[in-house]
Amino acid sequence: MTEHDRPQREQDPTTPHYDHPTGGWGSVGSVLRHLGGKRVPLGVLDTLWRQNKPRGHMCTSCAWAKPASPHLAEFCENGAKATIWDLTKNRCGPDFFAAHPLSELRGWSDHTLEAQGRLTHPMRYDAASDRYVETTWDEAFAAIGAALRRLPPRSTVFYASGRASLETSFLYALFARLYGHNNLPDSSNMCHETTSVGLKKVIGSPVGTCILSDFDECDMLLFFGQNTGSNSPRFLHPLQAAARRGCRIVTFNPVRERGLLEFANPQNPAELLKGSGTPISDIYLQLRAGSDIAAIAGICKHLFALDDENPSDQDPVIDRAFIARHGHDFEAFEAWVRALDWPEIEEASGLPRADLAEVAALYARSQRCIGVYGMGLTQHVHGSDSIAMLVNLLLMRGNIGRPGAGICPVRGHSNVQGQRTVGISEKPDLVPLDKLAEEFGFDPPRDTGLTTVEVVQALLDGTLRGFLSLGGNFARAIPDQGRADDLWQKLELNVQVATKLNRSHVLVGEGAWLLPCLVRAERDIQATGPQAVTMEDSLSHIHGSLGRRKPASEHLLSEPAIIAGIAQATLEPNPKVRWQDWVGDYGLVRDLIARVYPDQFADFNDRLFTPGGFYRGNAARERDWQTDSGKAEFTVPPALSALGDEPGPGHFTLITLRSNDQFNTTVYADRDRLRGLEGRMRLLIAPDQMREAGLAEDQTVALVTVSDDGISRRLEGLRVTPYDLPAGCVGAYYPEANVLVPLDRYDRASKTPAYKGATVRIEPIP
4 MTEHDRPQRE QDPTTPHYDH PTGGWGSVGS VLRHLGGKRV PLGVLDTLWR QNKPRGHMCT
64 SCAWAKPASP HLAEFCENGA KATIWDLTKN RCGPDFFAAH PLSELRGWSD HTLEAQGRLT
124 HPMRYDAASD RYVETTWDEA FAAIGAALRR LPPRSTVFYA SGRASLETSF LYALFARLYG
184 HNNLPDSSNM CHETTSVGLK KVIGSPVGTC ILSDFDECDM LLFFGQNTGS NSPRFLHPLQ
244 AAARRGCRIV TFNPVRERGL LEFANPQNPA ELLKGSGTPI SDIYLQLRAG SDIAAIAGIC
304 KHLFALDDEN PSDQDPVIDR AFIARHGHDF EAFEAWVRAL DWPEIEEASG LPRADLAEVA
364 ALYARSQRCI GVYGMGLTQH VHGSDSIAML VNLLLMRGNI GRPGAGICPV RGHSNVQGQR
424 TVGISEKPDL VPLDKLAEEF GFDPPRDTGL TTVEVVQALL DGTLRGFLSL GGNFARAIPD
484 QGRADDLWQK LELNVQVATK LNRSHVLVGE GAWLLPCLVR AERDIQATGP QAVTMEDSLS
544 HIHGSLGRRK PASEHLLSEP AIIAGIAQAT LEPNPKVRWQ DWVGDYGLVR DLIARVYPDQ
604 FADFNDRLFT PGGFYRGNAA RERDWQTDSG KAEFTVPPAL SALGDEPGPG HFTLITLRSN
664 DQFNTTVYAD RDRLRGLEGR MRLLIAPDQM REAGLAEDQT VALVTVSDDG ISRRLEGLRV
724 TPYDLPAGCV GAYYPEANVL VPLDRYDRAS KTPAYKGATV RIEPIP
């Protein structure tokens, strides 16, 4: 079989689909459409030209790596949308809030709220008028500090979105611990906390082991549950290069996503003229949602069979020498796999034995394989076990800890991994508390803080009294949001640091403050001059970011300045805690990070603008397994399905999806070009199952959660849309469909919500 000669079925032409490559003219047209908007200021193209390059600003969108030798334009379609969205001419200031009570704004769509533009002034909520009213920074800091002093520290939560820089994150985490708690959940609690917990257990590292050069050396890529075309489009460049040199790419995903079928480089005139792109996946298998464990088990089972049949004079299929030296508990894993029957594997995965055997044969012939995954693995009841199963497969052939091989979780938000690196974590054992105690002269709290799921439960229980949000749209991102919406108004303190208005800001009550901050592309001028910040990409490289745009308002403060202002108004003076000095010179904050994390951040300031970022290291990449056994762990999953409970007759597994015109909870428009869809209130279902259920295309229905907790969860107004999905699965957009995900349905190791695995039924609406 030669390069890409296996005929790959396109998206089902009888259902909505996209006929063109990812990238190409479609991407160019989308960027031009956003650039040509009426509210786009001059000079944005120059800003984009500097994006993701040394001494430029780092994109606020995805966390994919930035190469040392950047492309002419080192931004993708969604990165351009994010920057244009940040730099809009629209302003959302005191006059806007005077005209619109929150009771009205709660009826607006997510897109309409954010489209009002940049927040310009610090605001406080006035319950008497049901409006935000203008305040001063001094008043805000004093009132917030007074409220925090009144509240028991453990009744408050300091949440962080993945956008905040390393400097900001370090100061925020320090503030929380000086105040007296480890309640430091961040957005990774809702996506890749499964990675942090799952990988830590089996390879001793909470992050992936790959670096960008590995994609130049691998000869096989296995993709599980990751939509590159919409969620990390710059990743398509190394994928295209790998495909062109003959690297085998195999994708497992319930939805046949365009980005992993074909890509045309929008910066290549020849490809634009040709109109077609490079095929990406050699094999694309649409397994059932949550069945990755079963699919990987089938590959492993066939590998054992190939190894049994392998002549003694040939290289072994299974690298038993590596396993003997570096693996632990392989015998139990091997016995479990060999005992599995093929019919149960096929039933659980929805895939035929022949397809899994073909993938196993390709893997057996490969020399350097990378396993790539996204939230299709992490957001399940047994998501950690799914990740561990992929690690099992890679370890069988020694594919962790050598060039061109490894495990590669693709993180979402641009510094979500870095926040955990510098201390934003509810788990005290992940933070060098003794170093913090020595550096700042205090006794840090040692108890475990709240995860996102536990924060929502505390809100439901009435034990949550204060909430600080460093960016993000927490109230919209959480599971079971319908149960929580009305309870945010009961908090005694709700502080939202933000750049634009979103739903979390309008679900508030007395004691709410809306504090506007700079975006990364804007100049941050402090006492010692212009300031740079840093962030960590998905491959553990640290990048400096320097904004150059004039701020949207003279009343904006930087995130470090806001944190310092609140902290100074809250905490007793400490001669070792120099908030104003740190705000005046972020280099001093980087010096602190280097002292607290010396192995990863030595000479931090000297390496600030290293092309391609500087690598902070990863012990597992060096085959230094920091696990309980001191070796890489082979594990046996509790079941072949990650769902926890299988849907019964007439029920479906709900997969929440993001569109091509969306990043996390931010919705840029109601189009989903790469799926051929318009509008967000859609229920995607396989055509055969649509007919079996007695439904018709465009029929209006409701989705209802199937659970035994007695709680009604319902989403109405969905239009039935036949789509290329496997049997037993339906799809709907996040965050609208979050109301259907029960709070207690989460990964059992990490408490990451099971956004890809709620059980639902369909109710026609008369």
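Every letter in the sequence shown is one number past the one before it in our numbering, and letter 7, counting from 1, is 10. Positions of the beta carbon are idealized from the N, C-alpha and C atoms, including for glycine. In this text, all values refer to a predicted model and were calculated from it rather than measured experimentally.
The Cβ atoms of Ser191 and Gly421 do not sit closer than 8 Å to each other. Counting along the chain, Pro412 sits inside the beta strand (DSSP E) bounded by residues 409 to 412. The stretch 23 to 32 makes contact with the stretch 275 to 283; the number of CB pairs closer than 8 Å reaches 3 or more.
Secondary structure of Glu525 (DSSP, three-state): strand. Under the criterion of beta carbons closer than 8 Å, Phe161 and Gly568 do not qualify as touching, at roughly 15 Å. DSSP places Lys493 in the helix class (H, G or I) of the three-state scheme. Comparing alpha-carbon positions, the option among Thr123, Leu75, Ser112 lying closest to Asp98 turns out to be Thr123. Residue pairing by DSSP puts Gly374 in a beta bridge opposite Leu225, Ile410. In the structure shown, Cys62 adopts coil according to DSSP, grouped into three states.
In the DSSP assignment, Ser472 falls within the unbroken beta strand (DSSP E) covering 469 to 473. Remark: three or more beta-carbon pairs, one from each stretch, lie closer than 8 Å, so the stretch 76 to 92 and the stretch 661 to 670 are flagged as touching. Around the beta carbon of Thr531, a 10 Å sphere encloses fewer than 16 other beta carbons of the protein chains shown; the residue is thus reported as exposed.
Apart from the 5 residues on each side of it in sequence, Val586 sits with its Cβ closer than 7 Å to the Cβ of Gln529, Pro563, Ala564, Ala567 in its chain, given in chain order. The C-alpha of Gly616 lies about 12 Å from the C-alpha of Trp67. A direct Cα-to-Cα measurement between Arg368 and Gln317 gives close to 11 Å. With a beta-carbon spacing of about 6 Å, Thr573 and Tyr182 fall inside the 8 Å limit used to define contacts.
The C-beta distance from Ala297 to Ser352 rounds to 4 Å, short enough to fall under 8 Å. At a Cβ-Cβ threshold of 8 Å, Val419 and Ser235 do not count as neighbours. Residue nearest to Leu202 within the set Pro767, Gln492, Lys503, Gly409 is Gly409 (criterion: CA-CA distance). Residue pairing for Ser548: DSSP places it in a beta bridge opposite Val536. Note on the stretch 156 to 244: whole alpha helix (DSSP H) runs with a minimum of 4 residues are 169 to 182, 196 to 206, 217 to 220, 231 to 234, in chain order. The shortest CA-to-CA distance from Glu442 to any of His654, Arg598, His508, Asp322 is the one to Arg598. For Leu518, the uninterrupted beta strand (DSSP E) segment begins and ends at 515 to 519. Taking 8 Å as the cut-off, the Cβ atoms of Thr231 and Leu242 count as close. Rounded to whole angstroms, Thr197 and Ala273 show a C-alpha spacing of 42 Å.
Burial check for Glu265: the Cβ neighbour count within 10 Å reaches 16 or more, so the residue is buried. Here the alpha carbons of Glu312 and Ser417 stand approximately 46 Å from one another.
For Ile348, the enclosing alpha helix (DSSP H) begins and ends at 345 to 352. For Gly485, the CB contacts under 7 Å within the same chain, skipping 5 residues up- and downstream, are Arg716, Val742 in chain order. The criterion of a C-beta distance shorter than 8 Å is not satisfied by Cys79 and Thr381.
Judged by pairs of C-beta atoms under 8 Å, the stretch 515 to 527 touches the stretch 544 to 560, as three or more such pairs exist. Per the coordinates, the alpha-carbon of Arg291 lies some 6 Å from the alpha-carbon of Pro257. For Ala145, the uninterrupted alpha helix (DSSP H) run begins and ends at 140 to 153, by DSSP.
Here Phe655 is near Val763, since their CB atoms are less than 8 Å apart.
For Glu142, there are no CB contacts under 7 Å within the same chain when 5 residues up- and downstream are skipped. For Met126, the uninterrupted beta strand (DSSP E) segment begins and ends at 126 to 129.
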